[in-house]
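Numbering-wise (numbering that gives the first Met the number 0), the sequence shown opens with residue 0 and increments by one.
In this text, a Cβ means the ideal position worked out from N, Cα and C, and glycines have one as well.
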Amino acid sequence: MSRTVNGTPDASAPVLAAYSYCEAVTGQQAGNFSYGIRLLPTAKRRAMSALYAFSRRVDDIGDGPLEADAKHRRLEETRELLARIREGRIAEDDTDPVAVALSHAARRFPIPLGGLDELIDGVQMDVRGQSYETWDDLAMYCRCVAGAIGRLSLGVFGTVPGARDAARAAEYADTLGLALQLTNILRDVREDAANGRTYLPSDDLAKFGCAEGFHSARPPAGADFTGLVHFEVRRARALFAEGTRLLPMLDRRSGACVAAMAGIYRRLLDRIAEDPEAVLRGRVSLPGREKVYVAVRGLSGLDARSVHRRTAGGRA
């Protein structure tokens, strides 16, 4: 059993081992996400790693090789595991380290675990091969798979006492998640097409002559692919401008974490805007040294101010 420190559960040896497992998963697989959470104090970093490891499990089911029916069964089993975590029915010596770590994190922080149910809902949309006619339709999906992660993370971060407009913090966290997800969608249009998935709204695709999809390293004949990308980039930048209103509500290190992640994705979005067809030729990414630079600026507070200025300006 774990003891309590200042009314919150301290970590026993099995729990620490579970957190170590989740941190290893995060370090190996989280990519851009990992640069932000490295800036957090230990307890918050562990909790975010537990959230990531559980979310990664859900995503891996959706992206894995199983048939659709088997994926749905696995996702429902994962939903049942989440219910056990929510109800406090995970023992510290349970053989599932992700469940142990997340259960402990949920006792230590006010994490709205229902957001993970939303993530499972979103991945089930993927398994069904759902497409999206309008931005409102796509935004609903993005809120499940990314906005929910923003709200879950806010449960770990908390807001500073007396923060102005703090009642809207969850809304801003959700919106920032949408900005990150739309950036991912733009980056991965070719890869998603190869996997039989189309996320961009069909209304937008038709408007720019891209309804036939993205199956080669060049845009569809007669399409205004650059126009489409710039249209979606403007939408993402508007979401960043709204979502980064969250930053002043967070403590220094939580704000640095969010600023680092937002800054990395904002720079990725800039790179896509500069050369839209690059997303058809391969995955657009930032070099590791640039990600480290953004993270360091976030910790110093520089990138938090930079991200907010640039997104508020809505530069196209």
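Spatial neighbours of residue i within its chain, please: CB distance less than 6 Å, with the 5 preceding and 5 following residues excluded, ordered by chain position.
{"i": "Ala52", "result": "Cys21, Val24, Val97"}
{"i": "Ala67", "result": "Val126"}
{"i": "Ala210", "result": "Leu204"}
{"i": "Phe156", "result": "Leu249, Ser253"}
{"i": "Pro219", "result": "Cys209, Glu211"}
{"i": "Ala162", "result": "Met248"}
{"i": "Lys43", "result": "Val155"}
{"i": "Ala46", "result": "Ala104, Phe108, Val155"}
{"i": "Ser130", "result": "Thr197"}
Quick one: measure Cβ to Cβ for residue i and residue j, integer angstroms, because I've assumed they're closer than 8 Å.
{"i": "Arg88", "j": "Asp116", "result": "That belief does not hold up - the Cβ atoms of Arg88 and Asp116 are roughly 16 Å apart, past 8 Å."}
{"i": "Gly195", "j": "Gly128", "result": "7 Å"}
{"i": "Gly35", "j": "Met260", "result": "4 Å"}
{"i": "Asn31", "j": "Lys290", "result": "7 Å"}
{"i": "Val283", "j": "Arg186", "result": "5 Å"}
{"i": "Leu101", "j": "Ala49", "result": "4 Å"}
Drop a sphere of 10 angstroms on the beta-carbon of residue i, count the other beta-carbons inside from all chains shown, and report buried for 16 or more, exposed for fewer.
{"i": "His214", "result": "exposed"}
{"i": "Gly154", "result": "buried"}
{"i": "Ala17", "result": "buried"}
{"i": "Glu231", "result": "buried"}
{"i": "Arg217", "result": "exposed"}
{"i": "Thr182", "result": "buried"}
{"i": "Gln180", "result": "buried"}
{"i": "Arg244", "result": "buried"}
Cα-Cα, which of the options is closest to residue i?
{"i": "Asp269", "options": "Ala235, Ala49, Leu101, Gly30", "result": "Ala235"}
{"i": "Val126", "options": "Asp164, Thr197, Arg150", "result": "Thr197"}
{"i": "Ser253", "options": "Phe224, Phe230, Ala294, Leu279", "result": "Ala294"}
{"i": "Ile60", "options": "Val122, Asp93, Ala10", "result": "Val122"}
{"i": "Gly242", "options": "Asp223, Leu112, Pro286, Gly176", "result": "Gly176"}
{"i": "Leu39", "options": "Arg251, Ala69, Glu276, Ala100", "result": "Arg251"}
{"i": "Phe239", "options": "Arg163, Asp93, Ala105, Leu267", "result": "Leu267"}
{"i": "Leu246", "options": "Arg55, Arg167, Gly113, Ser11", "result": "Arg167"}
{"i": "Pro275", "options": "Arg107, Arg44, His229", "result": "His229"}
{"i": "Arg73", "options": "Ala42, Ile119, Ala10, Leu50", "result": "Ile119"}
{"i": "Ala169", "options": "Leu279, Gly114, Ala193, Asp191", "result": "Gly114"}
{"i": "Asp92", "options": "Val14, Ala49, Asp136", "result": "Val14"}
{"i": "Ala193", "options": "Pro286, Asp58, Gly281", "result": "Gly281"}
{"i": "Leu338", "options": "Arg37, Ala178, Ala165, Pro200", "result": "Outside the displayed span of the chain (0 to 315) sits residue 338, for which this structure offers no information."}
{"i": "Ala255", "options": "Gln27, Arg288, Asp164, Arg37", "result": "Arg37"}
Taking 7 Å as the limit between beta carbons, can you name the residues of its chain near residue i, skipping five residues before and five after?
{"i": "Asp202", "result": "Glu132, Thr133"}
{"i": "Asp173", "result": "Arg142, Gly146, Gly149, Arg150"}
{"i": "Pro109", "result": "Gly154"}
{"i": "His71", "result": "Gln123, Val126"}
{"i": "Ala29", "result": "Tyr51"}
{"i": "Thr7", "result": "Low confidence applies here, because Thr7 scores a pLDDT of 48, under 50, leaving its location unreliable; read the following figure in that light. The residues are Arg107."}
Can you list, in chain order, the stretches of the alpha helix (DSSP H) that have 4 or more residues and sit fully within the region 135-191? Within the region 135-191, the complete alpha helix (DSSP H) runs of at least 4 residues fall at 147-156, 168-186.
Curious, which full-length alpha helix (DSSP H) runs of at least 4 residues does the region 210-292 contain? Complete alpha helix (DSSP H) runs here, min 4: 224-242, 251-273, 277-280.
In chain order, which continuous runs of the alpha helix (DSSP H) of length 4 or greater are located wholly inside the region 17-86? Here the runs fully enclosed are 31-36, 41-62, 67-85.
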